[in-house]
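Participant:
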């Protein structure tokens, strides 16, 4: 009798399982996509990468290039040249060297070069080739002359570019430089530069206006007689 009851119970359970299985429906279609959630708050600004502060510690040269391209499209581009090699290499890119001429005139030789992106010692190995450089001997009582060296690409919003790879030598200092100052205590060298390059002397084929705001620090060479 117990075996009969046991068999009946097992049969009932098995039959119920089949009934539940048979009654299980198919999955329906996915529901409509809900509205997009609200935009989250902007995250905090991250820290500057390693070496950034060191690479910009000697100040910058902000330059505005204004003119007309060779395809007759006007442009007005400002580039901030703010990177300089660090360590011993800085002495080649940001220095002042005072000396006296045989006649006793006091002169300070300056050379400042800044790059548009982070620089390494050898700019052929991952450094920047986009740069601006000023060189001049500043006489205390006589007229001085300044050299400008450019190596920069002007990239426009229409995804076209041209290069300015030009050198302009022995430009009369008083004609192109204003607000000049050099503080030998803080090593701060500042001046404003403005030059109109005639069409035959640059790659655009049109007059080119260059305006620079120089705000730099230089390393001072110890001159020994």
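Residue numbers (mature numbering (1 follows the signal peptide of the UniProt record, and there is no 0)): -21 to -1, 1 to 204. Cβ coordinates follow ideal geometry from the N, Cα and C atoms, glycine included.
(1) What first and last residue would you give for the beta strand (DSSP E) that runs through residue 78?
(2) Just checking, does the region 72 to 84 make contact with the region 43 to 53 on the three C-beta pairs under 8 Å criterion?
(3) Determine the direct distance from the alpha carbon of residue 85 to that of residue 196, and round the result to whole angstroms.
(4) Does residue 191 pass the burial test, meaning 16 or more other C-beta atoms within 10 Å, or should it be called exposed?
(5) Determine the extent of the alpha helix (DSSP H) in which residue 155 is found, giving its start and end residues.
(6) Between residue 18 and chain D, is the shortest Cβ-Cβ distance under 8 Å, so that the two count as touching?
(7) Taking the alpha helix (DSSP H) that residue 34 belongs to, which residues open and close that run?
(8) Smallest Cα separation from residue 183: which of 161, 144, 198 and 202?
(9) Candidates 8, 89, 97 and 114: which alpha carbon is nearest residue 146's?
(10) Can you find the residues in the same chain that come closer than 7 Å, C-beta to C-beta, to residue 93, ignoring five residues on each side of it along the sequence?
(11) On the DSSP bridge assignment, give the partners of residue 92 in chain order.
(12) In angstroms with no decimal places, state the Cα-to-Cα distance between residue 122 and residue 152.
(13) To the nearest angstrom, report how far apart residue 198 and residue 118 are at their CA atoms.
(14) Hey, would you say residue 186 sits closer than 8 Å to residue 175, going by beta carbons?
(15) Rounded to a whole number of angstroms, what is the C-alpha to C-alpha distance between residue 49 and residue 57?
(16) Looking at the structure shown, is residue 20 part of a helix, part of a strand, or coil, going by DSSP?
(17) Taking the beta carbon of residue 162 as the centre, do at least 16 other beta carbons fall within 10 Å, making it buried, or is it exposed?
(18) May I have the straight-line CA-CA distance separating residue 83 from residue 120, to the nearest angstrom?
(19) On a Cα-Cα basis, can you pick out the residue from 18, 12, 21 and 37 that is closest to residue 169?
(20) Could you tell me the alpha carbon to alpha carbon distance between residue 68 and residue 20, rounded to whole angstroms?
(21) Using only alpha-carbon positions, find the residue among 47, 33, 34 and 97 that is nearest to residue 181.
Facilitator: So, from the listed chains and residues:
(1) 73 to 79
(2) No, the region 72 to 84 does not touch the region 43 to 53.
(3) 21 Å
(4) buried
(5) 152 to 155
(6) Chain labels in this structure do not include chain D; a single protein chain is all it has.
(7) Segment 31 to 34, the alpha helix (DSSP H) holding residue 34.
(8) Looking at the Cα atoms, 144 is the closest of the given residues.
(9) 114
(10) 39, 40, 60, 61, 62, 63, 110 and 111
(11) 112
(12) 7 Å
(13) 19 Å
(14) Cβ atoms of residue 186 and residue 175: closer than 8 Å.
(15) 19 Å
(16) coil
(17) Residue 162 is classed as exposed because its beta carbon has fewer than 16 other beta carbons within 10 Å across all chains shown.
(18) 11 Å
(19) 37
(20) 43 Å
(21) When each option's Cα is compared against that of residue 181, the closest is 47.
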